[in-house]
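The structure under discussion appears below in the form of structure tokens.
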Amino acid sequence: MKFKNLNLPNKLTLIRIILFVPLLVLGHIYLTISNVYFYGSIFGNYNNEWFTKYFSRVLLTLMLIIFIGAMITDYFDGYIARKNHLVTSFGKLWDPIADKMMTTASLIFLMVISKGFIPFWIVLLFVIRDLIVDGCRVAMKEHNIDVSASIWGKIKTLVQTFAIILLFIIAIASPDFFSKFRYENTGLWYLYAYIASLPLIIALIFSLLSGYLYIRSVLPHLIRSNKPKPNIDVENFKSKFDDQITAEIIKNTKDNDDK
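Quick note on our numbering: the sequence shown kicks off at 4 and runs consecutively.
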């Protein structure tokens, strides 16, 4: 499938998938350099002030721009597809997968750099829910069954996007915010933690709710589509049917001759 042959919504979906690559590269650069400066500062070889104040903010800002750009394309590809009747099987399958690639990668990255500020169990539940729902979606596509996503899924995506943007902004505005939370553990930092994590927790609630509703709606279709079909031997059935017709013809002919 060539890029030029795709319609506009599918092109936007593909662009969002491609944007995952620079997001991953920038995240890798950030983590690599931060580890170098962290261990260097321990042994007195490096001063990580330059990385903390400047370079880390540049990397995080670029990642935030990529994430926002990707989520904007998510809105427009869905809007254009519905408005112009350009909904395709490609879009139904890959649009949600592209969303999960961006949001999951961003969440895992933020969890790593937060050093415990973002709870592991929240990210894990997001990932498990998405894997189950996407698995059901692929199975539905194989059986040519279409079940539209609920409004709760759209709300979940909106709140989750807002939460990720908020956490990126916190990391950019105060690069040492997460480390202060980890090492000082004052009541004020705990309060900040709950406030900053609240949108993410709300997004998780909507995520689990929308996942449950989606699975409940597709489960009957999956059960029906996976029921074993009766094994009919067509050739044997045809042979028996032909024999029966032949016998009826012979019988009718014999009856007519007797008359």
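Idealized CB from N, CA, C, for every residue including glycine.
What you are looking at is a predicted structure, and each value in this text was computed from that prediction instead of being measured.
Contact between methionine 104 and phenylalanine 23 is confirmed by a C-beta separation of about 5 Å, below the 8 Å threshold.
The criterion of a C-beta distance shorter than 8 Å is not satisfied by arginine 19 and threonine 91. Between isoleucine 131 and the set Leu207, Ile226 and Ile36, the nearest pair of CA atoms involves Leu207. Distance check between leucine 211 and each of Leu222, Lys159, Ala176 and Leu170 places Lys159 closest, using alpha-carbon atoms only. For isoleucine 111, the three-state secondary structure derived from DSSP is helix. Using a Cβ distance threshold of 8 Å, alanine 199 and leucine 170 count as a contacting pair. Within the same chain, Cβ atoms closer than 8 Å to the Cβ of leucine 113 are found at Ile121, Ile167, Leu170, Phe171 and Ala174, the five residues on either side in sequence being excluded. Ranked by Cα distance from isoleucine 226, the options Met143, Gly214, Lys5 and Leu65 are led by Met143. The beta carbon of proline 25 sits closer than 7 Å to those of Ile69, all from its chain and outside the five residues before and after it, given in chain order. Runs of the alpha helix (DSSP H) lying entirely within the stretch 52 to 138 and spanning at least 4 residues, in chain order: 59 to 86 and 92 to 117. Contact between tryptophan 155 and phenylalanine 209 is confirmed by a C-beta separation of about 6 Å, below the 8 Å threshold. A direct Cα-to-Cα measurement between threonine 16 and leucine 216 gives close to 25 Å. With 16 or more other Cβ atoms from the protein chains shown falling within 10 Å of its own Cβ, leucine 62 counts as buried.
Shown here, isoleucine 148 sits in coil according to DSSP, grouped into three states, outside any helix or strand.
Between the alpha carbons of tyrosine 193 and serine 117 lies a distance of about 13 Å.
In this structure, DSSP gives proline 223 a helical state, which the three-state scheme calls helix. Secondary structure at asparagine 38: helix, using DSSP grouped into helix, strand and coil. Around the beta carbon of asparagine 38, a 10 Å sphere encloses fewer than 16 other beta carbons of the protein chains shown; the residue is thus reported as exposed. The beta carbons of aspartate 137 and proline 178 sit about 34 Å from each other, so the pair does not count as a contact at 8 Å. In the three-state DSSP reduction, asparagine 10 falls in the coil class, being neither helix nor strand. Per the coordinates, the alpha-carbon of leucine 27 lies some 10 Å from the alpha-carbon of tyrosine 33.
In summary, phenylalanine 6 is exposed, with fewer than 16 beta-carbon neighbours lying within 10 Å of its beta-carbon over all protein chains present. When DSSP states are grouped into helix, strand and coil, lysine 5 belongs to the coil group.
By alpha-carbon distance to isoleucine 204, the top candidate from Val162, Phe79, Val115 and Leu134 is Val162.
Between isoleucine 148 and serine 228, the CB-CB gap stays under 8 Å. Ranked by Cα distance from serine 220, the first of Lys157, Ser153, Ala176 and Pro202 is Ser153. Excluding the 5 residues flanking it on each side, phenylalanine 93 has same chain C-beta neighbours closer than 7 Å at Asn13, in chain order. Shown here for leucine 67: same chain residues with a beta carbon closer than 8 Å to its own, the five before and five after excluded, namely Ile168, Phe171, Ile172 and Ile175 in chain order.
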